[in-house]
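Engineer: Before we start, here is the structure in question, set down as structure tokens.
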Amino acid sequence: MIDIKFLRTNPDAVKENIKKKFQDEKLPLVDEVLALDIRNREIKGEVEVLRAEKNKISKQIGACMAQGKKEEAEELKKQVQANADRVESLSTEEKEVEEKIKKIMMTIPNIIDPSVPIGKDDSENVEIEKFGEPVVPDYEIPYHTEIMEKINGIDLDAAGKVAGNGFYYLMGDIARLHSAVISYARDFMIDKGFTYCIPPFMIRSNVVTGVMSFAEMDSMMYKIEGEDLYLIGTSEHSMIGKFIDTMTDEAKLPQTLTSYSPCFRKEKGAHGIEERGVYRIHQFEKQEMIVVCKPEESKEWYDKMWSYTVELFRSLDIPVRTLECCSGDLADLKVKSCDVEAWSPRQKKYFEVGSCSNLGDAQARRLNIRVKAEDGTKYFAHTLNNTVCAPPRMLIAFLENNLQADGSIRIPEALRPYMGGKTEIR
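Start counting at 1 in the sequence shown, then tack on 4, and there's your number in the numbering used here.
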């Protein structure tokens, strides 16, 4: 959510930003919110005048009563009552106007970073850099579920009967591999200086609307029937929510946290949800990282965060690349975002395994996350989030890149302590 003061003084810049995101249907919202803002300030001004007038008349009433001018005092009382009725009416209108302003401001997209490439959708995202040499072996790489099934590592049929499509049972060494990757990612981030956290897996609606756009909320979140609770789609939601309505001393920044959680997603409108496999599913687990920092430090942290994911994947011998998200592929709250994609030897192409995002002060404005500087001034923090790893997709990349010609799965050295010292899975 952008600052109303910025919109007030830079409406053309806000409109241009909307055009860059190819959301022209939102252009009229800028003029609408400007008109509401003018009316809001008119109301506040009139209320201030009426309250000052009330104080003035109250003194006149006292003087009239002291002089025995009861009739004149009664007329003045009627005027005070009329003013009070008008203030009440204006106050009601003020709340309505401010609610409309808030709703529109939460719909207008955040100002994107000047470095973001302009494009309509993810097909126009731009490759930044490749890490590791993508290899296509001279033996066949089966579909990832076939690799798992050969070692009795997955049961999709039973999961379909129990929960429907988009769920799975992981078994034996594959289940252990899943847990090993999560544990390794946890310790990897702790070694980077991040504080480990296990957050609530459900959050209230005010936190949901604080961390994401309405469109994202509708397509992702599962609502708990009869309660003001939603299942989290990623631990970023509850981790950023941890700072709601807080004032943090500047000296305590940055706050760097890494969190584990299950994630629940409707995947509304997603394609391929009926296909066998674990690429796009309703439930998975993830290790996440979030940073709350000073505005001038967010760019530096953004670059650090995506590089940590690259480093982790490379330590498991998985080639990756980074992809700059274009303007049309950015969610409304994001200032800048990049995807980390892993190499698939089977498909002979890269696929998304994580995303790093700088949200500027958008989430902080919605959730009232403020910072107190040494000189006493207060400002909104910047928030960032990044996927360390999400094992369903990480497992696909891991299995394909570590599958050997005889069908065994090599365990990279970094992961062996988490697999009981195993060097391979057969």
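Yeah, the Cβ is synthetic: ideal placement off N, Cα and C, and Gly gets one too. None of the values given here were measured: they were computed from a predicted structure.
May I ask you to report which of helix, strand or coil DSSP gives D266?
Structural biologist: Position 262 of the sequence shown, counted from the start, is the residue given in the question as residue 266. According to the sequence shown, residue 266 is Pro rather than Asp. Of the three classes helix, strand and coil, the one that applies to P266 here is strand, per DSSP.
Engineer: Among the candidates I400, R190, Q27, whose CA atom is the shortest distance from the CA of D125?
Structural biologist: Sequence index remark: in the sequence shown, residue 125 carries index 121 (1-based). Closest by alpha carbon: Q27.
Engineer: Would you please state the rounded distance, in angstroms, between the beta carbons of T427 and I413? I believe it to be under 8 Å.
Structural biologist: Within the sequence shown, the letter at position 423 stands for residue 427. Within the sequence shown, the letter at position 409 stands for residue 413. Not a contact, Cβ separation roughly 10 Å.
Engineer: With burial defined as no fewer than 16 other Cβ atoms inside 10 Å of the residue's Cβ, what is the status of Y143: buried or exposed?
Structural biologist: Reading the sequence shown from its first residue, position 139 is the one you call residue 143. By the 10 Å Cβ count, Y143 comes out exposed.
Engineer: Thinking C-beta only, is L419 closer than 8 Å to L316?
Structural biologist: Taking the first residue of the sequence shown as 1, we reach residue 316 at position 312. Taking the first residue of the sequence shown as 1, we reach residue 419 at position 415. No, Cβ-Cβ distance for L316 and L419 is not below 8 Å.
Engineer: What does a CB cutoff of less than 8 Å around D117 pick up in its chain, not counting 5 residues either side in sequence?
Structural biologist: As a first step, residue 117 is located in the sequence shown; it is residue number 113 there, counting from the start. The residues are V339, K340, N362.
Engineer: Let me know the secondary structure DSSP gives D232 once reduced to three states.
Structural biologist: Position 228 of the sequence shown, counted from the start, is the residue given in the question as residue 232. Of the three classes helix, strand and coil, the one that applies to D232 here is coil, per DSSP.
Engineer: Run through the DSSP bridge pairs and tell me what M293 is partnered with.
Structural biologist: To locate residue 293, count along the sequence shown from 1; it is residue 289. In the DSSP output, where bridge partners are listed per residue, M293 has T262, N390.
Engineer: In whole angstroms, give me the CA-to-CA distance for A67 and E46.
Structural biologist: Against the sequence shown, residue 67 aligns to sequence position 63. Against the sequence shown, residue 46 aligns to sequence position 42. C-alpha separation (whole angstroms): 32 Å.
Engineer: Is the CB-CB distance between S263 and P323 below 8 Å?
Structural biologist: Within the sequence shown, the letter at position 259 stands for residue 263. Within the sequence shown, the letter at position 319 stands for residue 323. The answer is no: Cβ separation not under 8 Å.
Engineer: From the DSSP output, in three-state form, read off V211 for me.
Structural biologist: Position 207 of the sequence shown, counting from 1, holds the residue named residue 211. In the structure shown, V211 sits in a helix (DSSP, three-state: H, G or I).
Engineer: Determine the contact status of N208 and L233, defining contact as a CB-CB distance below 8 Å.
Structural biologist: Looking up residue 208 in the sequence shown gives position 204. Looking up residue 233 in the sequence shown gives position 229. Checking the sequence shown, residue 208 turns out to be Arg, not Asn. The answer is yes: Cβ separation under 8 Å.
Engineer: Rounded to the nearest angstrom, what separates L334 and M193 at their Cα positions?
Structural biologist: Start at 1 with the first residue of the sequence shown, and residue 334 comes out as number 330. Start at 1 with the first residue of the sequence shown, and residue 193 comes out as number 189. The straight-line gap from Cα to Cα measures roughly 26 Å.
Engineer: Taking the alpha carbon of M251 as the point to measure from, which residue in A167, F384, K60, T111 has its own alpha carbon closest?
Structural biologist: Taking the sequence shown and counting its residues from 1, one reaches residue 251 at position 247. Closest option to M251, Cα to Cα, is F384.
Engineer: Ordered along the chain, which non-local residues of its own chain (more than five positions away) have a Cβ less than 8 Å from that of D159?
Structural biologist: What you label residue 159 is simply residue 155 of the sequence shown in a count that begins at 1. Within the same chain, D159 has close Cβ partners Y172, Y173, M175.
Engineer: Nearest CA to the CA of Q85: which residue from D307, F135, E57?
Structural biologist: In the sequence shown, the residue the question calls residue 85 occupies position 81. Out of D307, F135, E57, E57 has the C-alpha closest to the C-alpha of Q85.
Engineer: Between which two residues does the alpha helix (DSSP H) harbouring I186 extend?
Structural biologist: Residue mapping note: residue 186 aligns to position 182 of the sequence shown, counting from 1. It spans 176–195 - the alpha helix (DSSP H) in which I186 sits, taken as one unbroken run.
Engineer: Would W310 pass as a contact of C267 if the rule is Cβ separation under 8 Å?
Structural biologist: Indexing the sequence shown from 1 puts residue 310 at position 306. Indexing the sequence shown from 1 puts residue 267 at position 263. Against a cut-off of 8 Å, the Cβ pair of C267 and W310 comes out as no contact.
Engineer: I need the DSSP call for M109, collapsed to helix, strand or coil.
Structural biologist: As a working mapping, residue 109 is identified with position 105 in the sequence shown. It is helical.
Engineer: Hey, would you say L31 sits closer than 8 Å to R12, going by beta carbons?
Structural biologist: Looking up residue 31 in the sequence shown gives position 27. Looking up residue 12 in the sequence shown gives position 8. No, the pair does not count as a contact, with Cβ atoms beyond the cut-off.
Engineer: Excluding the 5 residues flanking L40 on each side, which residues of the same chain have their C-beta closer than 7 Å to its C-beta?
Structural biologist: Locating residue 40 in the sequence shown gives position 36, counting from the first residue. Correct list, in chain order: V101, K104, I105.
Engineer: If you follow the beta strand (DSSP E) that C360 is part of, which residue opens it and which one closes it?
Structural biologist: Sequence index remark: in the sequence shown, residue 360 carries index 356 (1-based). It spans 353–362 - the beta strand (DSSP E) in which C360 sits, taken as one unbroken run.
Engineer: With DSSP as the reference, identify every bridge partner of K376, one or two as the case may be.
Structural biologist: Locating residue 376 in the sequence shown gives position 372, counting from the first residue. According to DSSP, which records beta bridges pairwise, K376 is partnered with D253, K382.
Engineer: Please check the pair A377 and E301, which I expect to be a contact at CB under 8 Å, by giving their CB distance rounded to whole angstroms.
Structural biologist: Stepping through the sequence shown from its first residue, residue 377 is reached at position 373. Stepping through the sequence shown from its first residue, residue 301 is reached at position 297. Not a contact, Cβ separation roughly 13 Å.
Engineer: Quick test of the definition: if touching needs 3 or more C-beta pairs under 8 Å, does the segment 136–155 touch the segment 397–409?
Structural biologist: Yes, since at least three Cβ pairs between the segment 136–155 and the segment 397–409 fall closer than 8 Å, the two stretches touch.
Engineer: Taking all protein chains shown into account, do 16 or more other C-beta atoms lie within 10 angstroms of the C-beta of P141, making it buried, or fewer, making it exposed?
Structural biologist: Along the sequence shown, read from residue 1 onward, the residue named residue 141 stands at position 137. Answer is exposed; the Cβ neighbour count stays below 16.
Engineer: Looking at E271 and G170, is the spacing between their C-beta atoms short of 8 Å?
Structural biologist: Against the sequence shown, residue 170 aligns to sequence position 166. Against the sequence shown, residue 271 aligns to sequence position 267. Yes. Within cutoff.
Engineer: Just checking my contact of L371 with G214 at CB under 8 Å: how many whole Å lie between their CB atoms?
Structural biologist: Here the question's residue 371 lines up with position 367 in the sequence shown. Here the question's residue 214 lines up with position 210 in the sequence shown. So it is a contact: roughly 4 Å between Cβ atoms.
Engineer: How about T391 and K290: are their beta carbons less than 8 Å apart?
Structural biologist: On the sequence shown, position 387 is the one that residue 391 refers to. On the sequence shown, position 286 is the one that residue 290 refers to. Yes, the Cβ-Cβ distance between T391 and K290 is below 8 Å.
Engineer: Per DSSP, which one or two residues make a beta bridge with S341?
Structural biologist: On the sequence shown, position 337 is the one that residue 341 refers to. Its beta-bridge partners are S361.
Engineer: With distances taken Cα to Cα, identify the nearest neighbour of I285 among G168, T111, N114, V139.
Structural biologist: Taking the first residue of the sequence shown as 1, we reach residue 285 at position 281. Among G168, T111, N114, V139, the Cα nearest to that of I285 belongs to G168.
Engineer: Helix, strand or coil for Q83, going by three-state DSSP, please let me know.
Structural biologist: Taking the sequence shown and counting its residues from 1, the one referred to as residue 83 is at position 79. In the structure shown, Q83 sits in a helix (DSSP, three-state: H, G or I).
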